[in-house]
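Written out below as structure tokens is the structure these notes cover.
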Amino acid sequence: KSTKAKKLIIDVISIRQATDRNDNKMTNRNMIKINAAFIILFFIFSNLVAQENSYFSPTDFEIDTENNQLIIAGKTAREIRSYNLSDFSLENSLITDLTPKAVKLAGDNLLITQSYSEGELLVVDKNSLTIKSGIKVGHGACDIAITSDFKTAFVANQFSNDISVVDLESQKETKRISVLRQPMQLE
1053 KSTKAKKLII DVISIRQATD RNDNKMTNRN MIKINAAFII LFFIFSNLVA QENSYFSPTD
1113 FEIDTENNQL IIAGKTAREI RSYNLSDFSL ENSLITDLTP KAVKLAGDNL LITQSYSEGE
1173 LLVVDKNSLT IKSGIKVGHG ACDIAITSDF KTAFVANQFS NDISVVDLES QKETKRISVL
1233 RQPMQLE
């Protein structure tokens, strides 16, 4: 089981790196294959986590190819976990105050949305999983998108019906963009 999972992860990382280099050459069929591989990968790690004696409930993940790590947000456990991709060992974890919903790599940092009623965008050192700052955003923060220079983040606030625009250098929400109804995902 571990060998198959490891091979799948290596294949997915290789495909993802090729995709990043050749965005304009990617076909819909290949994108479907990549998405299917990520879904399978997600279920493999859900099963690894499920073998523990407590609930974790994965909601989102990122693969950090630079550090050979898989970072998973766990809703029920209110925890972020970092696994080593070579041997699937747990390297580090961070307990959050609120429920983590999304995780996104941003240079040397991880951006994590957490919410219960109010929402917050956490800026976390990706190596130590130490919180650098917490930025208040809208109600029901549930997804993140970032600019390629890692200077601006956008947070979908499901229950306040808006998108927070966050300046990551000043670590402040600069404005909110109203949307019709319950934004849940950003690309």
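Take any residue in the sequence shown, note its place counting from 1, add 1052, and you have its number in our numbering. Note that CB positions come from ideal geometry on N, CA and C, so glycine has one too.
1. Quick check: the Cα distance between D1214 and N1120, rounded to an integer number of angstroms?
2. Is it a yes or a no for the region 1184-1196 touching the region 1137-1146, going by three-plus beta-carbon pairs under 8 Å?
3. Buried or exposed for G1126, please, with buried defined as at least 16 other CB atoms from any protein chain shown within 10 angstroms of its CB.
4. Using CA atoms only, rank isn't needed, just tell me which of D1160, K1178, S1169 is closest to I1132.
5. Can you name the residues that DSSP bridges to L1162?
6. Is the beta carbon of S1167 sitting closer than 7 Å to the one on A1129?
7. If L1146 and Y1135 are in contact, beta carbons under 8 Å, what's the gap, nearest whole angstrom?
8. Compare the C-alpha of L1163 against each of A1205, Y1107, Q1237 and name the closest.
9. With a cut-off of 8 Å on the beta carbons, I'd call V1277 and V1189 a contact; round off their distance for me.
10. Any idea what DSSP makes of E1114, helix, strand or coil?
11. Does the Cβ of S1200 have 16 or more other Cβ atoms within 10 Å, making it buried, or fewer, making it exposed?
12. Work out the CA separation of S1109 and V1155 for me, nearest whole Å.
13. What first and last residue would you give for the beta strand (DSSP E) that runs through G1186?
14. Measuring only the C-alpha atoms, how far is S1216 from Q1234?
15. Just curious, the beta strand (DSSP E) that R1133 is in, first and last residue?
16. Roughly how many whole angstroms lie between the Cα atoms of A1158 and N1144?
17. By alpha-carbon positions, which one of F1211, D1160, I1198 ends up nearest to L1238?
Straight from the coordinates:
1. Against the sequence shown, residue 1214 aligns to sequence position 162. Against the sequence shown, residue 1120 aligns to sequence position 68. So the two alpha carbons sit approximately 35 Å from each other.
2. These segments do not touch.
3. Taking the first residue of the sequence shown as position 1, residue 1126 is located at position 74. G1126 comes out buried.
4. Start at 1 with the first residue of the sequence shown, and residue 1132 comes out as number 80. Relative to the Cα of I1132, the nearest Cα in the group D1160, K1178, S1169 belongs to K1178.
5. Residue mapping note: residue 1162 aligns to position 110 of the sequence shown, counting from 1. DSSP, once it has assigned bridges, lists L1157, V1176 as partnering L1162.
6. By 1-based counting over the sequence shown, the position of residue 1167 is 115. By 1-based counting over the sequence shown, the position of residue 1129 is 77. The answer is no: Cβ separation not under 7 Å.
7. Position 94 of the sequence shown holds residue 1146. Position 83 of the sequence shown holds residue 1135. Their Cβ separation, rounded to whole angstroms, is 13 Å, which puts L1146 and Y1135 out of contact at 8 Å.
8. On the sequence shown, position 111 is the one that residue 1163 refers to. Comparing alpha carbon positions, the residue from A1205, Y1107, Q1237 closest to L1163 is A1205.
9. The question about residue 1277 has no answer, for the chain in this structure spans 1053 to 1239.
10. Counting from one through the sequence shown, the residue named residue 1114 turns up at place 62. E1114 falls in the strand class under three-state DSSP.
11. For the purposes of this step, residue 1200 is taken as residue 148 along the sequence shown, with counting starting at 1. S1200 comes out exposed.
12. As a first step, residue 1155 must be located in the sequence shown, where it is residue number 103. As a first step, residue 1109 must be located in the sequence shown, where it is residue number 57. Rounded to the nearest whole angstrom, the C-alpha separation of V1155 and S1109 is 14 Å.
13. For the purposes of this step, residue 1186 is taken as the residue at position 134 of the sequence shown. Per DSSP, the continuous beta strand (DSSP E) segment holding G1186 begins and ends at 1183-1189.
14. As a first step, residue 1216 is located in the sequence shown; it is residue number 164 there, counting from the start. As a first step, residue 1234 is located in the sequence shown; it is residue number 182 there, counting from the start. Distance between S1216 and Q1234, taken at the CA atoms: about 13 Å.
15. By one-based count along the sequence shown, residue 1133 stands at place 81. Under the DSSP assignment, R1133 falls in the beta strand (DSSP E) whose first and last residues are 1131-1136.
16. Numbered from 1 along the sequence shown, position 106 holds the residue referred to as residue 1158. Numbered from 1 along the sequence shown, position 92 holds the residue referred to as residue 1144. Taking the straight line from one Cα to the other gives about 18 Å.
17. Here residue 1238 refers to the residue found at position 186 of the sequence shown. Among F1211, D1160, I1198, the Cα nearest to that of L1238 is on I1198.
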